[in-house]
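For the sequence shown, the UniProt record's numbering begins at 1 and goes up steadily by one. C-beta: ideal position from N, C-alpha, C; glycine also. Structure first, then comments.
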Amino acid sequence: SVAWGSYFDHVKYWSKRWEDKNILTSTYEELKADLPGELQKMSTFLGLGLSREQISTVADNGTFSAMKAKAEADNLKFGKVVFRKGEVGDWNNHFSEEQRVELEAKYVETLVGTSLATRLNY
(Lines of atoms letter the chains of each structure in order from A; the text may use other names.)
(Lines give C-alpha, C1' and ligand atoms only; values in the text may rest on other atoms or scores of the structure.)
Protein backbone atom coordinates (compact mmCIF):
# COMPACT_ATOMS: atom_id res chain seq x y z
CA SER A 1 0.00 0.00 0.00
CA VAL A 2 1.13 3.55 -0.66
CA ALA A 3 0.22 6.51 1.51
CA TRP A 4 -3.49 7.24 1.23
CA GLY A 5 -4.43 4.40 -1.08
CA SER A 6 -3.52 1.15 -2.74
CA TYR A 7 -0.48 0.52 -4.92
CA PHE A 8 -2.72 -0.72 -7.71
CA ASP A 9 -4.93 2.36 -7.75
CA HIS A 10 -1.85 4.59 -7.67
CA VAL A 11 -0.26 2.80 -10.63
CA LYS A 12 -3.49 2.68 -12.61
CA TYR A 13 -3.97 6.42 -12.16
CA TRP A 14 -0.43 7.25 -13.28
CA SER A 15 -0.44 4.74 -16.15
CA LYS A 16 -2.79 7.13 -17.95
CA ARG A 17 0.07 9.65 -18.02
CA TRP A 18 2.87 7.30 -19.09
CA GLU A 19 2.77 8.34 -22.71
CA ASP A 20 3.12 12.04 -21.83
CA LYS A 21 6.33 13.52 -23.22
CA ASN A 22 7.38 14.88 -19.82
CA ILE A 23 7.11 11.53 -17.99
CA LEU A 24 9.56 8.64 -18.19
CA THR A 25 8.90 5.33 -16.49
CA SER A 26 11.10 2.32 -15.91
CA THR A 27 9.99 -0.83 -14.17
CA TYR A 28 12.19 -2.87 -11.87
CA GLU A 29 11.98 -5.67 -14.41
CA GLU A 30 13.27 -3.37 -17.17
CA LEU A 31 16.10 -2.09 -14.96
CA LYS A 32 17.11 -5.65 -14.08
CA ALA A 33 17.01 -6.74 -17.73
CA ASP A 34 19.05 -3.84 -19.15
CA LEU A 35 20.32 -1.32 -16.60
CA PRO A 36 22.69 0.48 -19.00
CA GLY A 37 19.92 0.78 -21.60
CA GLU A 38 17.45 2.18 -19.08
CA LEU A 39 20.08 4.61 -17.79
CA GLN A 40 20.70 5.77 -21.36
CA LYS A 41 16.96 6.42 -21.73
CA MET A 42 17.04 8.44 -18.50
CA SER A 43 20.09 10.40 -19.64
CA THR A 44 18.44 11.25 -22.95
CA PHE A 45 15.13 12.12 -21.29
CA LEU A 46 16.83 14.47 -18.83
CA GLY A 47 19.08 15.97 -21.50
CA LEU A 48 22.24 14.92 -19.67
CA GLY A 49 24.11 13.53 -22.65
CA LEU A 50 26.07 11.02 -20.56
CA SER A 51 28.84 9.14 -22.34
CA ARG A 52 28.93 5.34 -22.55
CA GLU A 53 31.68 5.38 -19.93
CA GLN A 54 29.57 7.47 -17.56
CA ILE A 55 26.55 5.22 -18.13
CA SER A 56 28.75 2.19 -17.43
CA THR A 57 30.02 3.71 -14.17
CA VAL A 58 26.50 4.52 -13.01
CA ALA A 59 25.32 1.04 -14.01
CA ASP A 60 28.17 -0.62 -12.12
CA ASN A 61 27.28 1.36 -9.00
CA GLY A 62 23.56 0.84 -9.50
CA THR A 63 23.49 -2.95 -9.48
CA PHE A 64 21.71 -4.67 -6.64
CA SER A 65 24.95 -6.13 -5.29
CA ALA A 66 26.76 -2.77 -5.41
CA MET A 67 23.93 -0.94 -3.66
CA LYS A 68 23.65 -3.69 -1.06
CA ALA A 69 27.39 -3.54 -0.35
CA LYS A 70 27.26 0.26 -0.08
CA ALA A 71 24.29 0.13 2.30
CA GLU A 72 26.03 -2.45 4.47
CA ALA A 73 29.18 -0.29 4.58
CA ASP A 74 27.10 2.75 5.56
CA ASN A 75 25.01 0.95 8.22
CA LEU A 76 26.45 3.00 11.04
CA LYS A 77 25.46 6.25 9.31
CA PHE A 78 21.89 5.46 8.39
CA GLY A 79 20.81 2.43 10.39
CA LYS A 80 20.19 -1.08 9.13
CA VAL A 81 18.86 -1.38 5.60
CA VAL A 82 17.26 -4.68 4.63
CA PHE A 83 17.93 -6.11 1.18
CA ARG A 84 16.42 -9.33 -0.06
CA LYS A 85 17.70 -11.05 -3.20
CA GLY A 86 16.98 -8.36 -5.77
CA GLU A 87 15.43 -10.90 -8.12
CA VAL A 88 12.36 -10.33 -10.25
CA GLY A 89 9.51 -12.44 -8.89
CA ASP A 90 11.18 -13.24 -5.56
CA TRP A 91 8.03 -12.08 -3.80
CA ASN A 92 6.58 -15.48 -4.77
CA ASN A 93 8.89 -17.07 -2.20
CA HIS A 94 7.40 -14.97 0.58
CA PHE A 95 3.68 -15.20 -0.20
CA SER A 96 1.37 -18.06 0.63
CA GLU A 97 -0.74 -19.58 -2.15
CA GLU A 98 -3.74 -17.66 -0.82
CA GLN A 99 -1.81 -14.38 -0.93
CA ARG A 100 -0.59 -15.07 -4.47
CA VAL A 101 -4.14 -15.76 -5.64
CA GLU A 102 -5.39 -12.58 -3.95
CA LEU A 103 -2.62 -10.49 -5.51
CA GLU A 104 -3.23 -11.95 -8.96
CA ALA A 105 -6.96 -11.20 -8.67
CA LYS A 106 -6.23 -7.60 -7.68
CA TYR A 107 -3.72 -7.30 -10.53
CA VAL A 108 -6.28 -8.54 -13.07
CA GLU A 109 -9.04 -6.36 -11.60
CA THR A 110 -6.97 -3.19 -11.58
CA LEU A 111 -4.16 -3.32 -14.13
CA VAL A 112 -5.18 -5.53 -17.04
CA GLY A 113 -5.72 -3.27 -20.01
CA THR A 114 -3.19 -0.68 -18.86
CA SER A 115 0.20 -0.17 -20.45
CA LEU A 116 1.81 -1.38 -17.24
CA ALA A 117 0.27 -4.83 -17.50
CA THR A 118 2.34 -5.57 -20.60
CA ARG A 119 5.54 -4.34 -18.92
CA LEU A 120 5.41 -6.22 -15.62
CA ASN A 121 6.79 -9.69 -15.17
CA TYR A 122 5.38 -10.81 -11.86
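Beta-carbon proximity check, residue i vs residue j, cutoff 8 Å
i          : j           : result
residue 21 : residue 114 : no
residue 45 : residue 24  : yes
Straight-line Cα distance separating residue j from residue i
i           : j           : result
residue 35  : residue 59  : 6 Å
residue 42  : residue 55  : 10 Å
residue 117 : residue 48  : 30 Å
residue 19  : residue 120 : 16 Å
residue 63  : residue 71  : 12 Å
residue 85  : residue 69  : 13 Å
residue 53  : residue 40  : 11 Å
Rounded Cβ spacing between residue i and residue j (contact assumed at less than 8 Å)
i          : j           : result
residue 92 : residue 100 : 7 Å
Residue i versus the options, residue with shortest Cα-Cα distance
i          : options    : result
residue 57 : 37, 74, 72 : 37
residue 83 : 66, 5, 96  : 66
residue 33 : 9, 88, 4   : 88
Where the alpha helix (DSSP H) containing residue i begins and where it ends
i          : result
residue 61 : 52-61
residue 9  : 7-15
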